[in-house]
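Enquirer:
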């Protein structure tokens, strides 16, 4: 399936990208630095089932997103996963 990654070019984001690809998924890169409104618009149009990114970036979409979200802020801990509706 498709997974959106709110990419900020950090090692954690590269790991997420490689994880999705190695699992046979398709990566859709969303650039959160384009602004909250554009990020929300991209997310709504794409209707992605999964969004991966930093908790602050994911929070810009809440509560509007129906996607399952995975926060990758602290990879020493288990990722924070919130199931979609």
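Numbering (the numbering used here), first residue to last: -12 to 72. For each residue, glycine too, the CB sits at the ideal point set by N, CA and C. Note that the coordinates shown come from a computational prediction; the quantities given were computed from them, not determined experimentally.
1. Compare the C-alpha of residue 40 against each of 24, 9, 20 and 10 and name the closest.
2. Would you check if the distance between the CB atom of residue 71 and the CB atom of residue 52 is smaller than 9 Å?
3. My assumption, with CB atoms under 8 Å, is that residue 7 sits in contact with residue 14. Please give the rounded CB distance.
4. Can the beta-carbon of residue 109 be found less than 9 Å from the beta-carbon of residue 4?
5. If we ignore side chains and look at the alpha-carbon of each, how far apart do residue -1 and residue -7 end up?
6. Under 9 Å, do residue 58 and residue 36 count as touching if we go by C-beta distance?
Expert: Judging by the given coordinates:
1. Within the chain shown, the letter at position 53 stands for residue 40. Comparing Cα positions, the closest option is 20.
2. Translated into positions along the chain shown, residue 71 becomes position 84. Translated into positions along the chain shown, residue 52 becomes position 65. It is a contact, given that the beta carbons lie within the stated cut-off.
3. Indexing the chain shown from 1 puts residue 7 at position 20. Indexing the chain shown from 1 puts residue 14 at position 27. Going by Cβ atoms, the distance from residue 7 to residue 14 rounds to 5 Å, so yes, they are a contact pair.
4. An answer regarding residue 109 cannot be provided, because it is not within the stretch -12 to 72 covered by the chain.
5. Taking the chain shown and counting its residues from 1, one reaches residue -1 at position 12. Taking the chain shown and counting its residues from 1, one reaches residue -7 at position 6. In this structure, the alpha-carbon of residue -1 lies about 11 Å from that of residue -7.
6. Residue mapping note: residue 58 aligns to position 71 of the chain shown, counting from 1. Residue mapping note: residue 36 aligns to position 49 of the chain shown, counting from 1. Result no, Cβ atoms of residue 58 and residue 36 do not sit closer than 9 Å.
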